[in-house]
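So for the sequence shown, the numbering used here puts the first residue at -4; every next one is plus one. Glycine residues also receive a C-beta, built at the ideal position from the N, C-alpha and C atoms. Okay, so here's the structure we're looking at.
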Amino acid sequence: MKKQLLAFCWMLLLSVSAYAQVEITGQVKSSEGSEAFPGVSILEKGTSNGTVTDLEGRYTLTVSSENATLIFSFVGYETQEISLQGRQNVDVILDPDIQSLSEVVVIGYGEVDRNDVTGAVATLGDRDFNPGVTTSPQDLLTGKMAGVNVTSNNGAPGAGSTIRIRGGSSLGGAINDPLIVIDGFPIDDGDVSGLSNPLNTLNPNDIESFTVLKDASAAAIYGSRASNGVILITTKKGTSDKLSFNLNSQLSFSTPMEYVDVMNGDEYRALINELNDSGFSGINDAAIAKMGNENTDWQKEIFQSVVSQNYNLSVNGKAAGIPFRASYGFTGQNGILKTTETSRHTLSLNLTPNFFKDHLKVNVNTKGTFAHTNFGDPGAVGAAVNFDPTQPVYNGNERYGGYFAYTTSTLPDGSVDPEGPANTFISNPVALLDLRENVADVNRFIGNVQLDYKLHFFPDIRANLNVGIDKTNTDGVDNALPGSTWTYRNYTGGNGRLLDYTNSSDSELLEFYLNYNKSFNQHSLDVVAGYSWQHWQRETSRFDRNTDGDQVLEDATYIDENYLISFYGRMIYSFNERYVLTATLRNDGSSRFLGDNQWGLFPSLAFAWNLHNEDFISTASNISNLKLRLGYGVTGQQGLSPTLDDPYYPALAKYRRSILGASVQFGDQFFNTLRPSAYDANLKWEETVTYNLGLDFGFWNDRFSGSLELYHRETKDLLNRIPIADGSNFSNFLITNVGSMEIKGVELSLTGRLVTKANFTWSAGANFTYNDRMITRLNKTEDPSDPGVMTGDIGGGVGNTIQIHTVGHAPNSFYTFEQVYDSNGNPIEGEYVDRVGDGGQVVSNNFNKYHNHNPNPDFLIGVNSRLNYNAWDFSFSGRLSLGNHVYNNGLAANTLGGLYATSANGYFTNIRKEAAEIGFTVPQYWSDLYIENASFFKMDNISLGYSLDNLLKSKVKARFSFTVQNAFFISDYRGIDPEVNNGIDNNLYPRPRTYLLGLNFNF
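This is the structure in structure tokens:
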């Protein structure tokens, strides 16, 4: 009986199971020609059960119930949810997602459908950002776009990055940074005092997309500021009727990746004793008596592993019928260099109400930031590499806060007198950090209101008014506490120094344009005409004195301002969705120049042919996109480098206050003098002409897509800082228009959806950049005896440089002697190839130097990939840089002869093991031995995530993630990091490896 009952239950279970399992079949087609649709994802709603259509668009799927709901989806098409309601055969026709296929691209002063884009424009949405970025918005772009090179300046908390679009068009006089526009507001091209990175005032979590205008036909609408490209940043807006919240939190752990390989105390003592025994010049028993008995690893004394945190809360929805998005963010980032840290609070609010039946659209953007930064003492990095490893961190003295300090007196046994007068040539690295208060508080507000009115009586015309302000206030101090030996040279009293500084920077914007947009028959016309006014004013004060207050080195306030007034227009004409013509013109007037040179005219013209809409191609079902683009344009540059003496009034005759130490004594008092500054009254715009050929392509419904760009740029009337004859213009250098430069390049971007299944997707992308820059003219008159303009300051000596600008070569080329080696392959100190052939001292003739590579890569390749499997996701992004070279300044300055300095009663400095092996006794700064191929591959980010979509009855979605930043790199470079912004490696703050745990909630 029991067996029969068991058998009956088993049969009942099987019948119920069979009843519950329903096999569904069908075919999916596209509404565009009703063609069969392979690769469509079909998913049973609420489960991970799914499949994809075959080559004929057919599918078979077994579902759990005859009333199940199927979800049909494909990129670029509208997703459909279909309830079975007992049906076992379901055929579906998918319609194109008009919003997706006609993707709106943000351009200068408007938006266009992607089909109507004629210039070299690249976009990056938040789904494609580098994961784990918590502080610097520009790092979201790293390695993601062809032609856009983002290099972090160093590893300090909140450090800035150098962004170069197509290599940059300017030399040392003008900035090479792109113009950055945030929600329609162009931000200042100068630095923000008290911040390592001015973009740090923008929370990366608030950014929705980047649009990069790379060629002149796209960027000419911004005229005089567009020579180096334009980056348009769009922040997130309120979009939902229902309130939704997002909470994003991250906890990170950062640790040093590598240390410079220097000698420890025992190795150092052995080397010094060996040199003493061999009679090495400068080292004797009296010097050896000053050595200590410790084994201090100074690098490990100043570096640390740290924990940082980042939180962001945003709310999105409608209030009183007004769409809005508000967010608050906090970042607390600690540096691996002790005492360095930055904390940032951000608030943002966006309102997008519509009035008068959507005729008036209002866009209100406000962003507020408070940032506190402790910069520490970056010089401690180099000091730790070079400081004597035989000495202790502390020796109990009273004069210098207990920190060991070299002094100018000795005890009877010959050792260093701990209470003696300070040796100001070298400082204890730990004391540099602990005894320096180098902090700043920055408050910044960026806000603008855009009113877009579609005329009631003429709805094809829109009037757009944009008014905004960018206001920054900085309060900072850079104090040295009592006991800081490095202050004894310039400050009296022996109690340190006090330095207060403030900065106030205001930027005001007023822009107005009219837009006519009309489609009729097969024609489409989009015309913009507008006016722009922008004003900047900056006020800076510095109060520098000794702690006792009886010695004032500087007490000054500086104020400067400049204006930019512009008229601009653009026409986009499209015929039959095949041919697109774009013409722009901008007329800019800058207060930086005088007279007729104040105004510059910047035109552009571009044409695009949508080949995929032609009959002879549209029949090819595997081609989903094919567009040819041709572009020509002229852009300008009026922004001078903020590192120059006078970047705002370079064409005006003016007097400036003398620098520290240049004063006149009257009685017991010293007075600064006023002296005339060098100027060029004929200074004018720098102009760049660009030709661009582009091809956009997509195959198999854009499953594989990409773009190819070929470009040629020529910049003339370069704003350049050149040497001039003594006494000719109150200076040895002058900012003037001289020279030209040519840039050629190739860019290739590829994206592929390699696998598209219901529960597994895999996409990959790669971008390739080739960029060649060459100076074609440098001086007003050709002088064969002039090798060029020296640049690239190096550590060691005074005024030494390692780079040069020369006609026929790349900017910032290294300029070195060719090292001679012995039969064993060892470099011979002071021996170089006599390239001129005149004999005598080779180093006495600079023409024996040669142009030895440059810091910029020949090829730059970015790779990224993302995999999704059920609830798991995995992604990575990396970069391959080929041909970039670095001058190893730290190694070049390290010699056996520098182990012991006899000045200030003598002191020891450490040496790199490699420098000891080379064995030079005097620095050979210009030997090509120190120019290294620093090609590298860097894995910037690796991220693993897991998502939960059904928490609390599907009301909460969560994602957990683990990310590694700066995961690893591969390079033959002998320094600790091959990525050096200017190509001169002189003990930069090292970039850490960071591990991040992330938790994200949507509810």
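Extent of the continuous beta strand (DSSP E) run through Phe661: Numbered from its first residue, the sequence shown carries residue 661 at position 666. Segment 658 to 661, the beta strand (DSSP E) holding Phe661.
Residues bridged to Tyr706 [DSSP beta-bridge criterion]: As a position in the sequence shown, residue 706 is number 711, starting the count at 1. BP columns for Tyr706 point to Asn687, Gly740.
Limits of the unbroken alpha helix (DSSP H) element including Gln294: The residue you call residue 294 lines up with position 299 of the sequence shown. Looking at the DSSP string, the run of the alpha helix (DSSP H) that includes Gln294 is 293 to 297.
Limits of the unbroken alpha helix (DSSP H) element including Arg264: What you label residue 264 is simply residue 269 of the sequence shown in a count that begins at 1. Note, Arg264: alpha helix (DSSP H), 260 to 272.
Neighbour-count burial assignment, Arg540, 16 or more Cβ in a 10 Å radius: One-based indexing of the sequence shown puts residue 540 at position 545. Arg540 is buried by the Cβ-count criterion.
Short Cβ contact (7 Å threshold) for Pro466 with Phe440: Against the sequence shown, residue 466 aligns to sequence position 471. Against the sequence shown, residue 440 aligns to sequence position 445. The sequence given here has Lys at residue 466, not Pro. For Lys466 and Phe440, yes; Cβs fall inside 7 Å.
Check: Asp663 C-beta below 6 Å from any heavy atom of the ligand FMN: As presented, the structure is devoid of all ligands, the ligand FMN included, so that no description of it is given.
Nearest neighbour of Ser585, chosen from Gly218, Asn290, Phe275, Val750 [CA to CA]: What you label residue 585 is simply residue 590 of the sequence shown in a count that begins at 1. It is Gly218.
Proximity of Gly689 and Arg624 at Cβ, strictly below 7 Å: Here residue 689 refers to the residue found at position 694 when the sequence shown is read from its first residue. Here residue 624 refers to the residue found at position 629 when the sequence shown is read from its first residue. In contact: Gly689 and Arg624 (Cβ atoms closer than 7 Å).
Cα-Cα separation between Ile730 and Glu503, rounded to whole angstroms: Position 735 of the sequence shown, counted from the first residue, corresponds to residue 730. Position 508 of the sequence shown, counted from the first residue, corresponds to residue 503. For Ile730 and Glu503, the distance between alpha carbons rounds to 27 Å.
When Ser249, Ala551, Tyr902 are compared against Ala417, the one with the closest alpha-carbon: Within the sequence shown, residue 417 is the residue found at index 422, counting from 1. Of the listed residues, the one whose Cα sits closest to Ala417 is Tyr902.
Touch test, the segment 235 to 249 against the segment 201 to 218, Cβ-Cβ under 8 Å, three pairs minimum: no
Proximity test, Cβ basis, 7 Å: Asn474 and chain D: Going by chain labels, chain D is absent from the structure shown, which holds only one protein chain.
Contact check, Val58 vs Thr48, beta carbons under 7 Å: The residue given as residue 58 occupies position 63 in the sequence shown. The residue given as residue 48 occupies position 53 in the sequence shown. Cβ atoms of Val58 and Thr48: not closer than 7 Å.
Environment of Gly155 [buried if 16+ CB atoms lie within 10 Å]: Locating residue 155 in the sequence shown gives position 160, where the first residue counts as 1. Under this definition Gly155 is a buried residue.
Nearest to Val388 (by Cα), restricted to the options Thr668, Tyr306, Leu79, Gln294: In the sequence shown, the residue the question calls residue 388 occupies position 393. Considering only alpha carbons, the answer is Gln294.
Cβ neighbour criterion (16 or more within 10 Å) applied to Phe809: Along the sequence shown, one-based indexing puts residue 809 at 814. That one is buried.
Residue span of the alpha helix (DSSP H) that contains Leu428, given as start and end: Translated into the one-based positions of the sequence shown, residue 428 becomes position 433. 424 to 429 is the extent of the alpha helix (DSSP H) around Leu428.
Paired residues, beta bridge with Glu51 - DSSP: Within the sequence shown, the letter at position 56 stands for residue 51. Glu51 is not bridged to any residue.
Beta-carbon contacts of Thr113 that lie in its chain and below 7 Å, excluding the five residues immediately before and after: In the sequence shown, the residue the question calls residue 113 occupies position 118. Correct list, in chain order: Ser212, Val575, Thr577, Ala601, Phe602, Ala603, Arg624, Gly626.
Residues bridged to Gln304 (per DSSP): Counting from one through the sequence shown, the residue named residue 304 turns up at place 309. Leu246, Gly327.
Span of the alpha helix (DSSP H), counted from its first residue to its last, around Ile1017: Outside the displayed range of the chain (-4 to 998) lies residue 1017, so it cannot be described from this structure.
Whole-Å CB distance - Val17 paired with Gln83, under 8 Å assumed: Numbered from its first residue, the sequence shown carries residue 17 at position 22. Numbered from its first residue, the sequence shown carries residue 83 at position 88. Between Gln83 and Val17 the Cβ distance is about 6 Å, and since that is below 8 Å, they are a contact.
Backbone secondary structure at Ser839 - three-state DSSP: For this step, residue 839 is matched to residue 844 along the sequence shown. The answer is helix: DSSP assigns Ser839 an H, G or I state.
Arg220 (DSSP reduced to helix, strand or coil): Within the sequence shown, residue 220 is the residue found at index 225, counting from 1. Residue state, collapsed to three classes: helix.
Which listed residue (Phe666, Val225, Pro199) has its alpha carbon closest to that of Ala117: Start at 1 with the first residue of the sequence shown, and residue 117 comes out as number 122. When the alpha-carbon of Ala117 is set against those of Phe666, Val225, Pro199, the nearest one is in Val225.
DSSP three-state assignment for Ser613, whether helix, strand or coil: Translated into the one-based positions of the sequence shown, residue 613 becomes position 618. Looking at Ser613 - three-state DSSP - the assignment turns out to be helix.
Backbone CA spacing between Leu119 and Ser204 [nearest angstrom]: The residue you call residue 119 lines up with position 124 of the sequence shown. The residue you call residue 204 lines up with position 209 of the sequence shown. For Leu119 and Ser204, the distance between alpha carbons rounds to 6 Å.
Environment of Thr989 [buried if 16+ CB atoms lie within 10 Å]: Position 994 of the sequence shown, counting from 1, holds the residue named residue 989. Burial call: buried.
C-alpha distance - Val85 paired with Asn605, whole-angstrom precision: On the sequence shown, position 90 is the one that residue 85 refers to. On the sequence shown, position 610 is the one that residue 605 refers to. If you take the alpha carbons of Val85 and Asn605, they lie about 35 Å apart.
Residue range of the alpha helix (DSSP H) that includes Asn900: By 1-based counting over the sequence shown, the position of residue 900 is 905. Annotation for Asn900: no alpha helix (DSSP H) segment contains it, and DSSP assigns it neither H nor E.
Residue(s) in a DSSP beta bridge with Thr173: Mapped onto the sequence shown, residue 173 falls at position 178. Here residue 173 turns out to be Pro, not Thr, going by the sequence shown. Bridge partners of Pro173: none, in fact.
Candidates Thr64, Thr250, Phe69, Asp640: closest to Gln960 by CA position: Counting from one through the sequence shown, the residue named residue 960 turns up at place 965. For the residues Thr64, Thr250, Phe69, Asp640, the minimum Cα distance to Gln960 belongs to Thr250.
Proximity of Leu855 and Asn198 at Cβ, strictly below 7 Å: As a working note, residue 855 is residue 860 in the sequence shown. As a working note, residue 198 is residue 203 in the sequence shown. No, they are not a contact pair.
Stretch-stretch touch, CB-based, cutoff 8 Å, three pairs: the segment 663 to 679 with the segment 738 to 756: no
From Leu332, Leu946, Leu194, Val380, residue whose alpha carbon lies closest to that of Pro987: Numbered from 1 along the sequence shown, position 992 holds the residue referred to as residue 987. Pro987 has its Cα closest to that of Leu332, out of Leu332, Leu946, Leu194, Val380.
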